[in-house]
Amino acid sequence: MKVTVVGAGNVGATCADVLAKKDIVNEIVLLDIKPNFAEGKALDIWESSPVNYFDTRVIGSTNDYSKTANSDVIVITSGIPRKPGMSRDDLIATNAKIVKMVTESVVEHSPNAKIVIVSNPLDVMTYAAFLAAKKSRNEVFGMAGVLDTARYRSFIALELDCSPKDIQAVLMGGHGDTMVPLPRYTTVGGIPVTELISEERINEIVERTKKGGGEIVNLLGTSAWYAPGASAAQMVEAIVKDSKRIFPVCVMLEGEYGMNNIALGVPVKLGKNGIEQVIELQLNKDEMALLQDSAKAVQKVMKTLEDMKLF
0 MKVTVVGAGN
10 VGATCADVLA
20 KKDIVNEIVL
30 LDIKPNFAEG
40 KALDIWESSP
50 VNYFDTRVIG
60 STNDYSKTAN
70 SDVIVITSGI
80 PRKPGMSRDD
90 LIATNAKIVK
100 MVTESVVEHS
110 PNAKIVIVSN
120 PLDVMTYAAF
130 LAAKKSRNEV
140 FGMAGVLDTA
150 RYRSFIALEL
160 DCSPKDIQAV
170 LMGGHGDTMV
180 PLPRYTTVGG
190 IPVTELISEE
200 RINEIVERTK
210 KGGGEIVNLL
220 GTSAWYAPGA
230 SAAQMVEAIV
240 KDSKRIFPVC
250 VMLEGEYGMN
260 NIALGVPVKL
270 GKNGIEQVIE
280 LQLNKDEMAL
290 LQDSAKAVQK
300 VMKTLEDMKL
310 F
């Protein structure tokens, strides 16, 4: 099995490192446009193999997409962060061009690969990659909900002073302030979280989750990378091992939840074929209203991309 990670920055390198330590694939190719950057990161990861006991070969390359040929899974983290004075539209235009080019390049060399998008703004970049790849929705999807639920679950674990391993949760919608955590579907060791934490405190945890990325930026002065990288690696593992994990994933909807032609986070079954099932929950009126509000926010950003006529 072969995995390619495009973008050797903090998130991409972390994803490659976590995957290598799992020792579940034969080869990981780390690719970046910056000369020698991916080569250095890959070599550093490989030199940890005797310490961390893995055999996965890690190879770095500067913009040579031929090295990515015949990959089974491709993770795309490419793009630039928003800079001072840069509008949201400028960021979308710049990153959409990058994601379009990267997606077309990897598909040329690995036409059967499953593609996981991590680039931001996540929902619209997933849409851009879907358009560029010209593949089915089960093969091109985005990582957002896995990260968002990880943050949500980690905060609940702190609140209850319990193991995060025992917490299961579902989170839907766009990646950002309009995401929709669902306390009704959140359990701790099988116990509904609503029986363990007050409604007021749950709402506070939900709000912290929505602003989880911003909290890291305020502390570090830059975006998070450990949790995002590990979340992308977890999705790759589910595909490689055909474990059919149930994850919230950004996917193009085709009528589910009454929505079409929108990239939105919903629970799916993830296995060797990529998204093997989109799971449609029976949301109550309030939950559906929140999801629809989130969808409107995502559609607004998607329209910004469409108006740029890049595709």
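Counted the way numbering that gives the first Met the number 0 counts, the sequence shown spans residues 0 to 310.
In this text, a Cβ means the ideal position worked out from N, Cα and C, and glycines have one as well.
Rounded straight-line distance, which links the Cα of residue j to that of residue i
i    : j    : result
E275 : D88  : 33 Å
I58  : E38  : 7 Å
T55  : I27  : 7 Å
A95  : L304 : 8 Å
Y256 : E279 : 7 Å
M178 : S293 : 6 Å
N260 : V277 : 14 Å
E103 : S118 : 15 Å
L90  : K40  : 26 Å
L157 : S222 : 22 Å
N137 : L252 : 10 Å
R183 : L290 : 14 Å
I79  : N272 : 30 Å
G84  : E203 : 32 Å
L219 : A226 : 14 Å
S197 : I190 : 14 Å
CB of residue i within 8 Å of CB of residue j, strictly
i    : j    : result
P34  : T76  : no
D165 : V187 : yes
C14  : V74  : yes
K1   : N51  : no
P120 : V5   : no
G144 : G264 : yes
L282 : K243 : no
D147 : L170 : yes
K21  : A232 : yes
A262 : D122 : yes
K65  : H108 : Note that residue 65 corresponds to Ser in the displayed sequence, not to Lys. Cβ distance < 8 Å, so S65 and H108 count as in contact.
M287 : A92  : no
V297 : G141 : no
G254 : V17  : no
T67  : T3   : yes
I23  : V216 : no
Buried or exposed (CB count within 10 angstroms, at least 16 for buried), residue i
i    : result
G213 : exposed
P110 : exposed
R150 : buried
S230 : buried
T185 : buried
T193 : exposed
A19  : buried
P247 : buried
F53  : buried
I44  : buried
D31  : buried
8 Å contact criterion, which residue i and residue j should meet: CB distance rounded
i    : j    : result
A112 : V101 : About 12 Å; that fails the 8 Å criterion.
D176 : K210 : 7 Å
V235 : V250 : No, V235 and V250 are not in contact; Cβ-Cβ is about 16 Å, not under 8 Å.
A128 : I116 : 5 Å
W224 : N9   : 3 Å
L42  : A7   : Going by Cβ atoms, the distance from L42 to A7 rounds to 11 Å, so no, they are not a contact pair.
I114 : V139 : 5 Å
CB contact below 8 Å: residue i versus chain C
i    : result
V115 : The question asks about chain C, but that chain is absent: this structure has only one protein chain.
The ligand NAP heavy atom lying under 7 Å from the CB of residue i
i    : result
T186 : With respect to the ligand NAP, the structure shown offers nothing to examine, as it has no ligands at all.
**Asked** Mind pulling the alpha helix (DSSP H) runs of 4 or more residues that sit fully within the stretch 64-144?
**Response** 87-108 and 121-132
**Prompt:** At what residue ranges does the stretch 219-287 contain a whole run of the beta strand (DSSP E), taking only runs of 3 or more?
**Reply:** 244-253, 259-270 and 273-277
**Request:** Mind listing, in chain order, the continuous alpha helix (DSSP H) runs of no fewer than 4 residues lying wholly within the stretch 22-46?
**Result:** 36-45
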